[in-house]
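Engineer: Got a structure here, written out as structure tokens. Questions coming.
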Amino acid sequence: MRSLLRFAIVLATCGACSHAPTASAPPVAPSAPPAAASDKVIPLAGGGNALWWDAASATLYLTDSNASALIAWTEAGGLTPVATVPAGTAGVSLGGVVRRADGTTIVANFGFGTQGGLFAIAADHTVTALTGLEPSRRRVGLAQDGGALYSAYFVGGRGQASVGGVARVTITGGAASETEIAGASTSAGFGKIVGVVATPGAVFVADQTEKVIWKLALPGFAVSKLASVPSADLLAILPDGDLLTGGGPAISRITQAGVVSTLPGAAFEQVRGLAYDPAGQRLFILDHSLTPGSPDQLRIRPLPR
Amino acid sequence: MTRPSPGRYPAGVRVASLIVVAACGAGAPAIDRAPPVEPVREPALGSSLEPALEPALGMNDVSILLPLPRDPHAPVLAGIASAGLIERGWFDALVTDHHDIAPRVAAPIAFEDFQVVAVRFDLCERAAVGPCPRDVDGRLRLVLQPMYVRAGATAAHDVALHAFYPVPAAELAGVIAELRALARRHPIAPDAALTVSPAAGDAAYLAQLRALVMRYARGAQLAKLTVIGQVADSAAFAWIFRGVERRGDAIVALDIPGIPRAQQTLQLAGGDTVYLTAPVVDAPAGFALAINGPRFAAATLAERTGALAALTAIQNPLVHDTINTQCIACHVATFLTARRATTIGVAPDAIAGRFASRHALAAHTIADTDPRVVRGFGWAASVPAISQRVVNDTAQVLAEIEARFPLPPR
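Read top to bottom, the protein sequences are chains A and B. Letter by letter, the first sequence follows residues 1 to 305 of this note's numbering. Letter by letter, the second sequence follows residues 306 to 715 of this note's numbering.
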């Protein structure tokens with residue numbers, strides 16, 4: 001009787017079999033989307049973010065948020081640690097990197113709303129947490145033009161509206177001071193500002209909330225919208241003045257006239273840092289993994305000037 | 306104690322199995338048809354006279370992690386909408402209306418995209434810590450995730466629903482018997498660790514499991530629904546935890562124990578793993594230290610030992626359960642226990658207060674090694690994730706089943 005009952009129940013359920021097939025796949029190790037055939041792919045042990053190409057030494061610098069470290073990459077030597085940055089109790093998320101003329105490397109510390117700041121890493125690898133900066137600013141992008149240093153940031157987030165800004169930073173020894181050139185204090189209307197690049201004629205910032213590239217004209221920092229983009233993240237600039245940004249599975253190229261196109265090539269998981277090597281005519285791409293078990297990748301893709 | 310061989314099926318079960326296979330095969334589209342199932346072997350001469358031996362249930366018999374479907378649109382067991390598992394109003398109240406949960410890869414997800422990836426049976430809703438009382442309803446829990454294709458293979462989004470259904474107390478004995486019948490269909494070593502179901506590749510097994518699940522997993526019977534999903538607008542790995550339950554005719558937000566809010570968020574920061582949590586309470590004491598790597602590193606040995614003890618307690622079903630544990634705790638404890646124990650040179654097995662059982666308590670999956678994984682019993686993309694908490698829960702359920710529904714004497 002019990003067997004008959006079971007038979008009846010199972011048979012009744014088989015009405016659903018036509019849309020409930022049983023084909024199943026065995027577990028597979030995670031793998032990132034296939035890179036373009038010409039991409040060189042370097043898996044990263046930690047969480048990468050920003051990139052900086054130092055043409056003088058033919059060295060790429062990147063930050064590792066897992067190890068809380070600045071990493072260098074060269075064609076001959078591969079990845080090598082440069083310096084370890086003190087880990088804040090708010091957690092580590094290292095942002096933009098710039099290499100100063102005196103050999104000092106400045107690294108942004110996101111700070112998660114309580115410990116936002118900048119680290120200065122001297123040529124001898126001594127690390128200094130610069131004082132005098134507003135810690136509530138969640139700092140991501142860094143840029144310089146000549147001696148001028150710019151820090152991009154936002155406040156809020158995590159359920160609250162993000163209010164972005166960009167400040168000019170002056171460093172004296174272990175102290176820094178910053179003056180907001182556009183942001184809440186100027187009613188710029190920025191959202192989550194992430195990327196920044198600087199040129200003699202303008203500072204450009206990438207707004208991840210609005211998906212907009214803003215132009216801050218010099219002198220005076222008058223704000224205008226350069227372009228809308230599919231997604232926005234850290235910024236890089238090419239020798240012809242075109243801007244690059246990611247934030248999604250593709251890289252957007254934005255001309256100084258605001259025309260947006262997509263760089264050809266295979267898709268990424270999430271493009272973060274970008275840096276261009278003019279001599280080598282290659283683009284460095286930090287492909288951030290959105291998939292547990294799959295590492296971030298540094299990708300190197302040929303890109304003619 | 307050993308299970309009977311596959312050949313020792315009672316005659317009635319054999320006949321039912323064959324008919325079910327035939328019926329399902331006829332209805333399935335050719336492209337999705339399950340691989341051929343081996344015909345049931347005839348019993349050895351004389352064995353038909355033996356009484357049917359009830360097998361002891363193992364870890365994979367009461368907690369069943371299904372394999373990923375080959376076709377993301379063809380669920381292994383059931384889809385949320387086509388099977389009527391959850392009414393859309395519940396989903397809207399929990400997910401859609403908040404506009405704050407979304408995967409960070411592939412296309413946006415919809416209600417219809419969720420499908421069952423795991424099944425868990427329990428003897429009660431665990432409204433109190435400790436063994437289930439008798440004469441209360443049991444619980445069926447389904448874990449549902451949406452799928453997408455990544456690098457040519459099916460992967461699960463980092464969003465999961467947990468749907469809870471009552472199993473009437475009077476029917477629990479029958480359900481246990483059916484689970485034993487399922488176990489008999491696919492004998493697994495009783496001491497096997499919890500893993501992706503070794504039986505789920507068998508269409509007949511799945512059909513029988515589906516029948517059992519669908520008897521209780523009906524939208525109108527849904528008692529509680531929870532979600533853990535990635536925060537829609539976060540560049541970092543961040544998750545939202547919340548739930549709703551039925552109270553009379555209303556769907557109301559679940560309270561989180563110890564926290565005057567109905568939702569917790571968790572964000573993964575770098576370094577030696579910092580989980581930024583809001584709100585968070587230091588319960589059990591030491592938990593707040595455990596989730597912050599730099600603070601843990603700077604703490605005294607006694608404080609660090611206390612933090613490890615807190616993680617251990619969180620994973621012990623005889624000490625902590627949903628009734629007295631904040632949402633995030635069980636979902637980060639597996640990784641943090643392994644990580645923090647390594648930091649101070651202690652073997653996780655040696656931590657005092659660790660849950661003990663005669664069942665296999667090993668759980669070595671990506672949940673041990675990757676802080677980006679908060680899945681307790683499901684899939685992290687295309688990799689299975691099983692938390693120590695789920696392993697321990699499963700062992701406890703087995704112990705209680707053995708005590709309340711003992712096998713007949715051999």
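Note that CB positions come from ideal geometry on N, CA and C, so glycine has one too.
(1) Can you name the residues that DSSP bridges to T282 (chain B)?
(2) Going by the beta-carbon positions, is the gap between P43 (chain A) and P304 (chain A) smaller than 8 Å?
(3) Does DSSP put F673 (chain B) in a helix, in a strand, or in coil?
(4) Given that V223 (chain A) touches chain B, what residues does it touch there, using C-beta distances under 7 Å?
(5) Given this structure, state the Cα-to-Cα distance separating C329 (chain B) from V434 (chain B), to the nearest angstrom.
(6) Applying a beta-carbon distance threshold of less than 9 Å, which residues of chain B neighbour S65 (chain A)?
(7) For the beta strand (DSSP E) that A222 (chain A) lies in, which residues bound it at each end?
(8) Given that a residue counts as buried once 16 or more other Cβ atoms are within 10 Å of its Cβ, and exposed if not, what is R137 (chain A)?
(9) Any beta carbon from chain A within less than 8 Å of L428 (chain B)'s own beta carbon?
(10) Determine whether the Cβ of L290 (chain A) lies closer than 8 Å to any Cβ atom of chain B.
(11) In this structure, how does DSSP classify A327 (chain B) when only helix, strand and coil are distinguished?
(12) Once DSSP output is grouped into helix, strand and coil, what is the label at G731 (chain B)?
(13) Could you spell out the range, first to last residue, of the beta strand (DSSP E) harbouring V41 (chain A)?
(14) Quick check: the segment 270-280 of chain A against the segment 44-63 of chain A, are there 3 or more CB pairs under 8 Å?
(15) DSSP three-state call for E180 (chain A): helix, strand or coil?
(16) I need the straight-line Cα distance from T630 (chain B) to D440 (chain B), nearest angstrom please.
(17) Can you pull the chain B residues whose beta carbon is under 7 Å from the beta carbon of T89 (chain A), in chain order?
(18) Starting from F112 (chain A), find everything on chain B with Cβ-Cβ shorter than 8 Å and list it in chain order.
(19) Name, going along the chain, the residues of the segment 674-689 of chain B whose beta-carbon falls closer than 7 Å to a beta-carbon of chain A.
(20) Run through DSSP, which three-state label would H288 (chain A) get?
(21) Suppose contacts are defined by Cβ-Cβ distances below 8 Å. Is G165 (chain A) in contact with G183 (chain A) by that definition?
(22) What residue from A:T114, A:G116, A:A120 and A:G91 has the CA that sits closest to V82 (chain A)'s CA?
(23) Just mark T647 (chain B) as buried or exposed, buried being the case when its beta carbon has 16 or more other beta carbons within 10 Å.
(24) Does the distance from the CB of G575 (chain B) to the CB of S93 (chain A) come in under 8 Å?
(25) For L149 (chain A), which residues of its own chain have a beta-carbon under 6 Å away from its beta-carbon, when the five flanking residues on both sides are left out?
(26) If contacts are defined as beta-carbon pairs under 8 Å, then L313 (chain A) and V196 (chain A) qualify, I think. What distance do you get, rounded to the angstrom?
(27) Taking 8 Å as the threshold (C-beta atoms), are V422 (chain B) and T291 (chain A) in contact?
(28) Alpha carbons only, please: which of A:W214, A:Q270 and A:G48 is nearest the one belonging to S65 (chain A)?
(29) For a cutoff of 8 Å on Cβ pairs, would you count G164 (chain A) as touching chain B?
(30) Between the Cα of A175 (chain A) and those of A:I106, A:L234 and A:I300, spot the shortest distance and give me the residue it belongs to.
(31) From B:E483, B:A478 and B:F419, pick the residue whose C-alpha is nearest to that of Y453 (chain B); which is it?
(32) For the segment 438-457 of chain B, list every residue whose C-beta sits within 9 Å of some C-beta in chain A, in sequence order.
(33) Find out if the Cβ-Cβ distance for the pair R677 (chain B), F542 (chain B) is shorter than 8 Å.
(34) Could you round the C-beta distance between L616 (chain B) and T642 (chain B) to whole angstroms and report it? I think they count as a contact, below 8 Å.
(35) For the beta strand (DSSP E) that D145 (chain A) lies in, which residues bound it at each end?
(36) Considering only C-alpha positions, which residue in the set B:L573, B:L571 and B:T610 is nearest to A590 (chain B)?
Structural biologist: Let me spell this out:
(1) The first residue shown for chain B is 306 and the last is 715, placing residue 282 (chain B) beyond what the model contains.
(2) no
(3) In the sequence under discussion, the amino acid at residue 673 (chain B) is Asp, which differs from the Phe named in the question. Note: D673 (chain B) maps to helix in three-state DSSP.
(4) Here the premise fails: no neighbours, minimum Cβ distance about 23 Å.
(5) For C329 (chain B), the predicted structure reports a pLDDT of 28, less than 50, and the residue's modelled location is therefore unreliable. A value from the coordinates is still provided. Their backbone Cα atoms lie some 42 Å apart in a straight line.
(6) A574, G575 and G576
(7) A222 to S228
(8) buried
(9) no
(10) yes
(11) Confidence at A327 (chain B) is low in this model, with a pLDDT of 27, below 50, so the placement of that residue should be treated as unreliable; the coordinate-derived value is given next. Helix at A327 (chain B).
(12) Because chain B in this structure spans residues 306 to 715, residue 731 (chain B) falls outside the shown range and cannot be described.
(13) K40 to P43
(14) yes
(15) strand
(16) 25 Å
(17) N597, P599 and R600
(18) Q572, A574 and L581
(19) D675, R677, V678, A685, A686, S687, V688 and P689
(20) coil
(21) yes
(22) A:A120
(23) exposed
(24) yes
(25) V169
(26) The first residue shown for chain A is 1 and the last is 305, placing residue 313 (chain A) beyond what the model contains.
(27) no
(28) A:G48
(29) no
(30) A:I106
(31) B:F419
(32) R455, A456 and G457
(33) yes
(34) 5 Å
(35) R138 to D145
(36) B:T610
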